[in-house]
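Anchor point for the sequence shown: position 257 equals 263 in this note's numbering, and the numbering is continuous, going up by one each time.
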Amino acid sequence: MVNMADETQLDVHGVESDIQKLQRTMTSAEQKREILKNLDLFVLDNSLRETTVGQIFGHTLQNKWEIYNEVKKVGFKDTIVTAFSHMTRIGDTFIQELNQNGEDMSTKYGFVEIADSDVDGVPVDDLPIGLQKCKDLNLPNPIIEVDLAYFAFDYEKWTLDKICKLLDKRIKWTRQNVSQDSKIYINFRDFAEAMAKAPERVLGLVRYVSSYRPKLTGILYEELGNNFPEEMAIYTRSVKNIMDSCGYDGHLLIHVHHQWGLSDASVLECLVNGANGIWAGVCEEGAAMGHASSCLTLMNLIRLGNTKVLKRYNCQELRNAAIAVTKSVTGALPPPKTVIVGERALDRVFGFPQFEPENMEGFSLNGFFGDKLTIRITTLASNKMIRDSLIEHFGEDEQFTLEIGNQMKELMLEDLRENRKEEYQSCIGLAMLFDRAGGQLTGAMADTIEK
């Protein structure tokens, strides 16, 4: 006989405590959503530069123009066009053509080194070639690159004070020799590594830049994909607090490499914690493993209800632009399962309404881009999905019923039980499955098989 006194009882008060803890956590998550929903995101486009980094096939001049024109369709006006070096890169020639074509150079930027070389671990004072090229090529806006944890530098000699003095010299030279209206960014190139090794150096330079007058346009910082999003959130908040304390309202723009798959989450955490924008390519190509693209970041904001970015940019063109830039750079379409832009990104997979994106989130990717819904034919497809796919590929026919859809799905399962691996997604695969399930091939199906 069961002793009722020994039965486990539900701890109602414990459940209530659990719910309260959950609600507190969810409140924090909702606050993050609200910040992203209301963020007026600034994009410094890096498609022309980022997507050539580490590519087996580099950019041709034609590629540069293809990418540039795709970026313009999205409405990105502020554009990084090159990273200067002593060699004549394709970007140098492209800048000349931009000038010849009468493009607005006031919104164009180029990466320059704070110094081109060092002696005994200390960067030299000589004018870097990048700044000279800014003057010679009429590129008014330099992004000055600074390393704060570089292995070849001796930071006992190359002190924060010396870094600030050389930076001041570069800024003044730019305003005197390139343009007094130059929009100058400082890029903390090894930001995350330096924050871990020498935070006092990083935050000291942040305070110097934030206090600089006349004000600089902004701060760029990047992360190679090694840090957790939570770490980047803490780092970003530290930087933003200093900027605010100095009365500095310049841009704070983040750039994150893929590497370990945390890049997109890291970008969102940075935006929640004080960054007001990104510097990124429209597609994820670039660097070793790619980077967090502006396409995906913007679409994350849009699905959360952000309308400001819809007014600032032509976001309906994001997917087309990202696909076109990927193809221009690599010669191929994005991998099929790439988020947003892959061939399978817009597929309808399940036959259960509760699993459809528009029902879960109130947002339809297909609806936003105006693209046709692709039904993926698998054993998880509903009878209706199979029927609809038949109609889409071959037109209306009285044989295309829910019953034949069920028979076709049964046959798919039977194939698997018999170790027969087939695909049913293509027109011919679907037609052959229909035929095997007892249907009579239509004229359209016969034509497809014959071809």
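Here a beta-carbon is modelled for each residue, glycine too, at the ideal position from N, C-alpha and C. None of these values were measured; they are calculated from a predicted model.
Start and end residues, beta strand (DSSP E) containing residue i
i, result
"residue 278", "Premise fails: residue 278 lies in the alpha helix (DSSP H), 269–278, not in any beta strand (DSSP E)."
"residue 348", "Residue 348 -> no beta strand (DSSP E), and no H or E assigned at all."
"residue 154", "Unbroken run through residue 154: none, as it is neither H nor E."
"residue 50", "48–51"
"residue 283", "283–286"
Beta-carbon spacing of residue i, residue j below 9 angstroms
i, j, result
"residue 163", "residue 127", "yes"
"residue 325", "residue 377", "yes"
"residue 155", "residue 196", "yes"
"residue 222", "residue 256", "yes"
"residue 280", "residue 258", "yes"
"residue 294", "residue 265", "yes"
"residue 107", "residue 141", "no"
"residue 226", "residue 261", "yes"
"residue 117", "residue 72", "no"
"residue 143", "residue 102", "yes"
"residue 76", "residue 387", "no"
Backbone CA spacing between residue i and residue j [nearest angstrom]
i, j, result
"residue 134", "residue 158", "18 angstroms"
"residue 437", "residue 346", "29 angstroms"
"residue 212", "residue 190", "14 angstroms"
"residue 348", "residue 339", "8 angstroms"
"residue 30", "residue 198", "30 angstroms"
"residue 380", "residue 457", "22 angstroms"
"residue 130", "residue 291", "34 angstroms"
"residue 253", "residue 217", "8 angstroms"
"residue 51", "residue 110", "15 angstroms"
"residue 448", "residue 368", "38 angstroms"
"residue 360", "residue 354", "Residue placement at residue 360 is poorly supported in this model, since its pLDDT is 48, which falls under 50; the coordinates are not used for a value here."
"residue 24", "residue 34", "16 angstroms"
"residue 420", "residue 426", "8 angstroms"
"residue 274", "residue 45", "11 angstroms"
"residue 418", "residue 342", "23 angstroms"
"residue 61", "residue 88", "15 angstroms"
"residue 69", "residue 335", "7 angstroms"
"residue 350", "residue 146", "42 angstroms"
"residue 94", "residue 136", "11 angstroms"
"residue 92", "residue 123", "11 angstroms"
"residue 311", "residue 409", "40 angstroms"
"residue 428", "residue 439", "9 angstroms"
"residue 247", "residue 241", "10 angstroms"
"residue 296", "residue 302", "13 angstroms"
"residue 138", "residue 85", "20 angstroms"
"residue 99", "residue 58", "15 angstroms"
"residue 332", "residue 344", "11 angstroms"
"residue 32", "residue 74", "41 angstroms"
Selection from the options that minimises the alpha carbon distance to residue i
i, options, result
"residue 385", "132, 431 and 237", "431"
"residue 330", "78, 186 and 312", "78"
"residue 250", "271, 262, 17 and 282", "282"
"residue 114", "121, 187 and 248", "187"
"residue 228", "343, 382, 421 and 153", "153"
"residue 231", "166, 270, 101 and 242", "270"
"residue 472", "245, 202, 207 and 247", "Residue 472 cannot be examined here, being either before or after the span of the chain that is shown, 7 to 457."
"residue 47", "455, 64, 149 and 316", "316"
"residue 206", "175, 161, 219 and 220", "161"
"residue 371", "321, 337, 389 and 168", "321"
"residue 167", "149, 132 and 215", "215"
"residue 434", "17, 454 and 415", "454"
"residue 298", "56, 43 and 63", "56"
"residue 63", "112, 288, 446 and 337", "337"
"residue 314", "19, 42, 268 and 32", "42"
"residue 398", "412, 289 and 382", "382"
9 angstroms Cβ cutoff, residue i in contact with chain B
i, result
"residue 59", "Absent from the structure is chain B; it holds one protein chain and no more."
Residue i, enclosing alpha helix (DSSP H) - first and last residue
i, result
"residue 308", "300–309"
"residue 330", "324–336"
"residue 446", "Premise fails: residue 446 is in no alpha helix (DSSP H) and is neither H nor E."
"residue 369", "Element bounds for residue 369: n/a, residue is neither H nor E."
"residue 395", "389–400"
"residue 434", "433–442"
Can you give, in chain order, each stretch of the beta strand (DSSP E) that sits fully within the segment 59–145 and has at least 3 residues? Fully enclosed beta strand (DSSP E) runs of 3 or longer: 85–89 and 114–119.
Fully enclosed by the segment 173–260, which beta strand (DSSP E) runs are 3 residues long or longer? Entirely contained in the segment 173–260, the beta strand (DSSP E) runs reaching 3 residues are, in chain order, 191–194 and 224–229.
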